[in-house]
Amino acid sequence: MPDLSVDICGLSFANPVLAAAGPGTRNGAMCLAAARGGAGGIVTKTVSTAPASVPRPCMSVVRGGFLNTELWSEQPVEKWLATEYPEAREAGVPVIVSLGYTAGQIAGLAPLVAPFADALELSTHYVPDDPSPVLAALAAAKAAVSVPVFVKLSPHPDIRELAVALAAAGADGLVMINSFGPCLALDLDTGLPLMGSRDGYGWLSGPAIKPLAVRCVYEAARAVSIPVIGVGGVTSGRDVAEMLMAGAAAVQVCTAAILKGPAVYGTLAGELDRFLAGRGRDGLPAIRGLAHRAVRSFSTTAAAPEVDAGRCNRCGLCRTSCVYQAITLAAGWQVDPGRCFGCGLCVSRCPRGALRLPA
Ligand SMILES: Cc1cc2nc3c(=O)[nH]c(=O)nc-3n(C[C@H](O)[C@H](O)[C@H](O)COP(=O)(O)O)c2cc1C
Numbered sequence: 000m001p002d003l004s005v006d007i008c009g010l011s012f013a014n015p016v017l018a019a020a021g022p023g024t025r026n027g028a029m030c031l032a033a034a035r036g037g038a039g040g041i042v043t044k045t046v047s048t049a050p051a052s053v054p055r056p057c058m059s060v061v062r063g064g065f066l067n068t069e070l071w072s073e074q075p076v077e078k079w080l081a082t083e084y085p086e087a088r089e090a091g092v093p094v095i096v097s098l099g100y101t102a103g104q105i106a107g108l109a110p111l112v113a114p115f116a117d118a119l120e121l122s123t124h125y126v127p128d129d130p131s132p133v134l135a136a137l138a139a140a141k142a143a144v145s146v147p148v149f150v151k152l153s154p155h156p157d158i159r160e161l162a163v164a165l166a167a168a169g170a171d172g173l174v175m176i177n178s179f180g181p182c183l184a185l186d187l188d189t190g191l192p193l194m195g196s197r198d199g200y201g202w203l204s205g206p207a208i209k210p211l212a213v214r215c216v217y218e219a220a221r222a223v224s225i226p227v228i229g230v231g232g233v234t235s236g237r238d239v240a241e242m243l244m245a246g247a248a249a250v251q252v253c254t255a256a257i258l259k260g261p262a263v264y265g266t267l268a269g270e271l272d273r274f275l276a277g278r279g280r281d282g283l284p285a286i287r288g289l290a291h292r293a294v295r296s297f298s299t300t301a302a303a304p305e306v307d308a309g310r311c312n313r314c315g316l317c318r319t320s321c322v323y324q325a326i327t328l329a330a331g332w333q334v335d336p337g338r339c340f341g342c343g344l345c346v347s348r349c350p351r352g353a354l355r356l357p358a
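Counting in numbering that gives the first Met the number 0, the sequence shown runs from 0 upward without gaps.
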């Protein structure tokens, strides 16, 4: 059995699938449900000095993803301190308390939440070109608490530079990414935006942002030695594995838990376990950062895919989407090497994993 446990800054997680800040951890009861559902750790819904006035409607599925215009917690910090954090602590897994946003707000909040926090996560939303407000918030948190302080980032164009600056400023870990936006989706019956925010804009999460999140994790993990926690579009054990291969120490899950309920954390951990076991991997270190070690030599030469005839059921998806018309199925699966551009699309289209590009 692979060992799924992971230690991050002295915090011991039984598995690397954590509940992200969001509706899935919006109060103590939800935090308990997340832990019962198999989450290795919990990040509580972001709290700030004043409760949020959340526009409605504030959540919708969109094709390939999810839009939201939720803000931070609509519950006052006093309520969190009196009932929600104590209840979350009963979960028996590490509790990371998410706080927002300015240095002044963090300086006031951090000492209050410290008795309940195994770590802090500072939530940021689109760091300006000048990262000094985030660095100041980090400094305020570090001055106030002795537990590790993680900083959560949106997909920033130059996330590497920001990651390096935060690590140099004493961040104990980085979490990436927050939801992506602004985005717009319309109700076709009314012409109105799906989101009830003032401008109708929302923030995208779910599978649509996973490649963006994986790129950010990869880039940050290559640049800093502090742990990077990956979040964005994780919906399967394979997604967890991909984040780990990009260099993540653990992952967080938000949208999948909203849509599938808190049992999803345990489901993903189980799928990761089977993924590792199926490849003879004994634990997370065996795949963590694999993307940084694997090197493909740059090539512009076309290499046609090979077929595993036993797996191919001749469904024709590869042929339909072959824009080079290189694939035929009449006499079994065949590729015309003269036509094949080596684009690789057919490999990703095959639902049975029957195609593979030569190594
Ligand atoms: C409805 C909703 C509410 C969220 N609230 C918070 C929050 O309070 N604080 C925060 O840092 N991130 C918040 N997020 C962002 C998620 O934690 C996560 O970074 C993002 O959704 C990408 O992960 P996912 O694709 O698994 O949802 C929220 C996301 C959603 C969808």
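In this text, a Cβ means the ideal position worked out from N, Cα and C, and glycines have one as well.
Apply the 10 Å Cβ neighbour rule to G337 and answer buried if 16 or more other Cβ atoms are within range, or exposed otherwise.
exposed
Considering only residues of the same chain and omitting the five flanking positions on each side of G331, which have a CB-CB separation below 7 Å?
A308
Report yes if the C-beta distance between A256 and I228 is below 7 Å; otherwise report no.
no
Any contact of the stretch 23-38 with the stretch 81-92, i.e. 3+ C-beta pairs under 8 Å?
yes
What's the C-alpha gap between R159 and M242?
17 Å
Out of P192, K151, F115, state which residue places its alpha-carbon closest to the alpha-carbon of A166.
K151
In angstroms with no decimal places, state the Cα-to-Cα distance between H155 and A220.
15 Å
CB-CB under 8 Å to A139, same chain, minus the five flanking residues each way: which ones, in chain order?
A102, G103, I105, A106, A109
If you drop the 5 nearest sequence neighbours on each side, which residues of the same chain put their C-beta closer than 8 Å to that of A302?
G341, L356, P357
A247 beta carbon near ligand 1 (any heavy atom closer than 6 Å)
no
Ordered along the chain, which non-local residues of its own chain (more than five positions away) have a Cβ less than 6 Å from that of V263?
A255, A256
CB contact flag (S59, L66, <7 Å):
yes
beta-carbon N177 near ligand 1 non-hydrogen atom, thresh 6 Å:
yes
What are the boundary residues of the alpha helix (DSSP H) that includes P130?
Unbroken run through P130: none, as it is neither H nor E.
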